[in-house]
Amino acid sequence: MGSIIYHTECKQCEKIAVKDDYYKEDKETYNIYCPYCGYTYFQGLVFNEEIEINEWKVKEEMGCGVFQICKTDGTSTLTLLKTPITDKSLISCEADFHAPETNQSESYLIEYKEGKFTQFLGTAKPPYFEYSYQQYKKEKNLTAEDFWF
Ligand SMILES: [Zn+2]
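Under the numbering used here, the first residue of the sequence shown carries the number 16, and numbering increases by one thereafter.
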């Protein structure tokens with residue numbers, strides 16, 4: 016079983032989404048996630064334990080933004096938001112953002128709503144934030160090796 020990771024256009028925000036493509040039992044299955052707006056898509060075989068059979072599943076979820084926390088030890092966590100930011104969730108994000116072990120200069124909370132991005136916390140942005148996927152493709156001087164994974 017092989018896995019190929021490449022870029023694709025995000026269906027929701029048209030920026031650069033990440034597609035992880037692999038074959039399972041001769042079927043193409045894949046995950047897509049967008050590190051800008053939080054959109055996710057999955058299609059593939061999932062084992063149903065009740066009837067002990069692989070079932071074909073498709074799951075698409077719109078995103079409401081992303082929350083990236085980089086720590087001073089170099090580790091980072093990217094959370095894809097599936098619900099809009101509320102006062103309550105913002106308080107929780109602020110606590111993580113202002114924690115002593117957080118590297119604030121590389122962390123951010125960005126909301127995606129009705130086609131617009133709003134930065135709630137931090138000043139950093141995901142790499143290539145200013146590009147749409149089509150612009151990225153056109154300016155081919157950006158290669159996969161330049162990317163963030
Ligand atoms: Zn997106």
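The C-beta atom is built at its ideal place from N, Cα and C for all residues, glycine as well.
The model shown is predicted, which means the values in this text are computed figures rather than measured ones.
Of GLY78, PHE112, CYS85, the smallest CA-CA separation from PRO99 is found for GLY78. Between GLY59 and TYR45, the beta carbon gap of about 7 Å places them in contact (Cβ cut-off 8 Å). Under DSSP, ASN46 shares a beta bridge with ASP35, PHE57. In this structure, GLY78 has its CB closer than 7 Å to one or more heavy atoms of ligand 1. Annotation: the region 81-148 contains the following complete segments of the alpha helix (DSSP H) (minimum length 4 residues), in chain order: 102-112. The way I'd put it, the region 104-111 doesn't touch the region 59-73; fewer than three beta-carbon pairs between them come closer than 8 Å.
Under the 10 Å beta carbon count, GLN27 is surrounded by 16 or more other beta carbons and is classified as buried. The C-beta separation of VAL81 from ILE19 comes to about 23 Å, leaving the pair out of contact by the 8 Å criterion.
DSSP places LYS30 in no beta strand (DSSP E); its state is neither H nor E.
When secondary structure is reduced to three states using DSSP, TYR151 falls in the helix class.
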